[in-house]
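Just so you know, the protein sequences line up as chains A and B, in that order.
In terms of our numbering, the first sequence opens at residue 1 and continues consecutively.
In terms of our numbering, the second sequence opens at residue 1001 and continues consecutively.
A virtual CB, placed ideally from N, CA and C, is assigned to each residue, including glycine.
Each remark here refers to the structure printed beneath this line.
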Amino acid sequence: MLLAHILQGVPEALPLNPIARWEWVFPVVEAIHICGFTLLVGTVVILDLRLLGISLRSQPVSRLAKELAPWIWTGILIQLTTGPYLFSGDPREYVQITAFRNKMLFLVVALIFHFTVIRRATAPAADSAPLGWRKPAAVVSLGLWLCVLLAGMWIGNL
Amino acid sequence: MSLLRFCEWLSRTPLSVSLREGTYEYPVLLILHVISIAVFGGMAVMGNLRVLGLAMRGVPVSQVIGQFRAWKWTGFVILLITGTLLAMSDPMEYYGNIMFWISMLILLLAGLNAMAFHFGAYRTVAAWDSAPLAPVNARRWAGISLFLWIALIFAGRAIAFF
């Protein structure tokens, strides 16, 4: 089994790792993780609402996407540093939690979707000739990020 | 009736008991609560970043603030309802939780700050709508708002640890 193989390779948390040593480190890093998610969701929702034609309709999609990009990247950067650090506190435990594995799956799919499908739907070429599938794509994007959030909450049994 | 007595009475009401003892009530409320924080908070933060001249500089301020107002209000109402019900699930627990009261104080300050912005600096928005950077008094409120939002997430998460 691939999973059993992966599990064997996952190390125990390092004893000197602050998150394993002090009780307060986890909630603090987790709060930063929630702030990062709020930022990421805020930017993604604004872009998806624009694609759906609900908000900021007078703005060209490509310009809005370009202006939001640095903040989407900031959100992703915060998440991809705080997330793995939370994971490092008890790696063996996390890889066995179904919700954790689901979250990683949704996260990978959401990121790939964003940087392929959404990127194409928000490209300058799409301004003059909006792609027919841009609205379903925005709905899928919102759904994927919602799944990441829900699976993430499930990791700690809510 | 003192607040403690009120909480004691509240925790014995059928609604409070069913919220506390039901299998699905609490998780469902918590999920809705967090989703509304992400949507409402995310939009509020992006509005603040626009006023601060840090995001979406090419989009007029009134569009960023005005076109998401309905969403923010919807999110805020869901946030308040689910938050009230979550607190009602165990009033005695929250009554004695210092982080709960600090969260409520921050929420109040955030509300007052938003009102001060709306009825203060924002009234002249037509004059600086398309400027990449808002006037200093508007930026001050946006900065305070951003700080309060981050503080609220920290304090809110800390409720579970006290």
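Considering only A:Pro60, A:Val25, A:Lys66, the residue with the shortest C-alpha distance to Thr43 of chain A is A:Lys66. Residues of the stretch 1069-1092 of chain B with a C-beta atom less than 7 angstroms from some C-beta of chain A do not occur. Within 7 angstroms of the CB of Met1046 of chain B, the CB atoms of chain A belong to Gly42, Thr43, Ile46, in sequence order along the chain. For Tyr1024 of chain B, there is no enclosing alpha helix (DSSP H), as DSSP gives it neither H nor E.
With its beta carbon at least 8 angstroms from every one in chain B, Gln79 of chain A lies outside the interface. In this structure, Leu77 of chain A and Val1059 of chain B do not form a Cβ contact; the two beta carbons are roughly 23 angstroms apart against a cut-off of 8 angstroms.
A distance below 7 angstroms between beta-carbons, with the five flanking residues on each side excluded, links Met1104 of chain B to no residue of its chain. Taken atom to atom, the span from the alpha-carbon of Ser1016 of chain B to that of Leu146 of chain A is near 29 angstroms. Within the stretch 59-80 of chain A, Gln59, Arg63, Leu64, Glu67, Leu68, Pro70, Trp71 place their CB atoms closer than 8 angstroms to a CB of chain B, listed in sequence order.
If you look at Pro1060 of chain B, you'll find it isn't in any alpha helix (DSSP H); DSSP assigns it neither H nor E.
Residues of chain A with a Cβ closer than 8 angstroms to the Cβ of Phe1147 of chain B do not exist, since the nearest Cβ in that chain sits about 12 angstroms away. The beta carbons of Leu1148 of chain B and Ile1106 of chain B sit about 6 angstroms from each other, so the pair counts as a contact at 8 angstroms. Contact with chain B is absent for Thr122 of chain A, since none of that chain's Cβ atoms lies less than 8 angstroms from the residue's Cβ.
Against chain A, the CB of Gly1058 of chain B has a partner CB under 8 angstroms away; the residue lies at that interface.
Cβ contact annotation for Ala1138 of chain B (same chain, cutoff 6 angstroms, sequence separation greater than five): Val1051, Ala1121, in chain order. For Ile1150 of chain B, the neighbours in chain A by C-beta distance under 8 angstroms run, in chain order, Cys35. Cβ-Cβ separation between Leu86 of chain A and His33 of chain A: approximately 6 angstroms, consistent with a contact (criterion under 8 angstroms).
The beta carbon of Gly1096 of chain B sits no closer than 8 angstroms to any beta carbon of chain A. With its beta carbon at least 8 angstroms from every one in chain B, Leu107 of chain A lies outside the interface.
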